[in-house]
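Asker: Numbering (my numbering), first residue to last: 336 to 680.
Pasting a structure below so you can have a look.
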C-alpha cells in the first residue's frame, strides 16, 4: 500500500497576530493532527495552525497519471515557472517525468512532486476552473455593462470619497482582550479527543495520552503545566511561564505559554509580547500609591465616577487620575493582574 503524507495550505488567519498571517497560500507538512495541525516552520520549530485557517492536502509518492493533480514538494533547479507548494495538473507522462498544463513546455521529474489523492483539493480546484470558465463565457456581455458603468464612475468615486471612513484600528486593550480569548481557546484546541499528546522519543507514532494540571502562583506570577499520563498520573512533560516584573500577569496567557512549552511547540509571539492593559476593569488587581506614599494593591469590585473601588472593602477606592489630582507621590492605579478569574472571565 502506498504511503500517504499530509500537508496544509494556509487559506486565512483568524487572528492578525498568528505566525502564519503573512504566509497565506504557503504549504507546510503536517507532523501531527488533532484539533489543530502541528507543523514545522522554516527554523524547524514545531508550531500549530488552526484547522479552519487551512486546507488539508493528502498525497502519495508515486508517478502521476494524466489528469491527476500534483503538489510540488522538492523542486529541481532554479527556473521560475513553478515552485514548491504549487499544485499542478499532469497532462503528459514521459518516462521519469511529467508535463503540466499550467506550465508550458516544462519537464517536471517524479522526484519533484507527490500526487494529491484527497477530494477536498480536487473539488476545490475543479470549482475554481469552472468559475473561471464561466467568467470567460460571460465576459463579452460584461464589457458592455462596464462601458456604461464607466460614465457613472466619476460620480461614484466622488461619493465614496465623501462617505468613506478610515478603518478603525484596534486599541491596545482590544488587542490584549483578543489575545486572552485566543489563549483560552488554545487550552482546548491543543487537545486531541479530550487529551494532550506527548511524543514518545522511542515511538513517535504512539504518543503518551495525558491530562494537564496547571499550578498557578499569583504571588510569584508563574504558571506551571504538568502533563500527566491519563492512566498512570506520571508526569511526562512540563512547561513554565513567568511574567516579567513590568508585565501584567494573566493566568490564561500563562497557561497557554506553559502548555505550548510542555508540548514542545513554539510559543506564539502574541503571547510573549501581548500589549499591556490600558484600562482598569472590574476584576483586575491594581497597584497604586496614595498621598501617604505607601504602595497598595486591591482587586477592583466596581468602577464609578472616576474611581476604582476595592472589592473586599467597598468603602475604599482610588481615583483613576490620582496623579493628576494630587501629583507625586500619588500614582494612578495600574493593572498588575487582569486574569479576572473571580468574575467568571
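Cβ atoms here follow ideal geometry from the backbone N, Cα and C, with glycine treated the same way.
Quick check on the DSSP output: what are the complete beta strand (DSSP E) runs of length 3 or more inside the segment 379-458, in order along the chain?
Answerer: Counting whole runs of 3 or more residues, the segment 379-458 contains the beta strand (DSSP E) stretches 381-385, 389-395, 404-407, 422-429, 432-435, 438-444, 448-451.
Asker: Report buried or exposed for residue 400, applying the criterion of at least 16 other Cβ atoms within 10 angstroms of its Cβ.
Answerer: Residue 400 comes out exposed.
Asker: When you compare only the Cα positions, how much space is there between residue 517 and residue 426?
Answerer: Cα to Cα, residue 517 sits roughly 45 Å from residue 426.
Asker: Using 10 angstroms around the beta-carbon of residue 324, count the other beta-carbons present and answer buried if the total reaches 16, otherwise exposed.
Answerer: There is simply no residue 324 to check, as the chain begins at 336 and stops at 680 in what is shown.
Asker: Give me the residue from 668, 551, 385, 429 with the minimum Cα distance to residue 642.
Answerer: It is 668.
Asker: Please specify which runs of the alpha helix (DSSP H), each continuous and at least 4 residues long, are wholly inside the segment 583-631, giving them in chain order.
Answerer: Those alpha helix (DSSP H) runs which fall completely within the segment 583-631 and span 4+ residues are 586-597, 604-607.
Asker: How many Å lie between residue 542 and residue 579 at the Cα?
Answerer: Looking at the two C-alpha atoms, the distance is approximately 33 Å.
Asker: Give me the DSSP bridge partner(s) of residue 364.
Answerer: According to DSSP, residue 364 bridges with 342.
Asker: With DSSP as the reference, identify every bridge partner of residue 371, one or two as the case may be.
Answerer: 385.
Asker: Counting C-beta neighbours from all protein chains within 10 Å, is the total for residue 346 16 or more, i.e. buried, or is it exposed?
Answerer: Exposed, because fewer than 16 other Cβ atoms sit within 10 Å of the Cβ of residue 346.
Asker: Run the CB neighbour count on residue 585, radius 10 Å, all protein chains shown included, and call it buried at 16 or more, exposed below.
Answerer: Residue 585 comes out buried.
Asker: Please name the residue in 445, 536, 374 whose C-alpha comes closest to that of residue 405.
Answerer: For the residues 445, 536, 374, the minimum Cα distance to residue 405 belongs to 445.
Asker: Whole-angstrom Cβ separation of residue 634 and residue 665, contact assumed at under 8 Å?
Answerer: Not really, about 20 Å apart at Cβ, beyond 8 Å.
Asker: First and last residue of the beta strand (DSSP E) that includes residue 672?
Answerer: Per DSSP, residue 672 belongs to the beta strand (DSSP E) from 666-672.
Asker: Using a threshold of 8 Å, state whether the C-beta atoms of residue 546 and residue 576 are closer than that.
Answerer: Not closer than 8 Å, so no.
Asker: Can residue 352 and residue 605 be called in contact, C-beta distance under 8 Å?
Answerer: Cβ atoms of residue 352 and residue 605: closer than 8 Å.
Asker: Assign residue 531 to one of three DSSP states: helix, strand, or coil.
Answerer: Strand, per DSSP.
Asker: On the three-state DSSP scale, how would you describe residue 359?
Answerer: Note: residue 359 maps to coil in three-state DSSP.
Asker: Residues in the same chain with beta-carbon distance under 8 Å from residue 663, minus the five sequence neighbours each way, listed in chain order, please.
Answerer: Result list for residue 663: empty, nothing under 8 Å.
Asker: For residue 512, name the three-state secondary structure that DSSP assigns.
Answerer: Helix at residue 512.
Asker: Does DSSP put residue 660 in a helix, in a strand, or in coil?
Answerer: Correct three-state label for residue 660: helix.
Asker: Secondary structure at residue 548, three-state DSSP: helix, strand or coil?
Answerer: Strand at residue 548.
Asker: Give the straight-line distance between the Cα atoms of residue 393 and residue 341, rounded to the nearest whole angstrom.
Answerer: Going from the Cα of residue 393 to the Cα of residue 341 covers about 5 Å.
Asker: Within a Cβ cutoff of 6 Å, which residues of the same chain sit near residue 416, ignoring the five residues on either side of it in sequence?
Answerer: These residues qualify, in order along the chain: 438, 441.
Asker: Which partner residues does residue 644 have in the DSSP bridge list?
Answerer: BP columns for residue 644 point to 637, 652.
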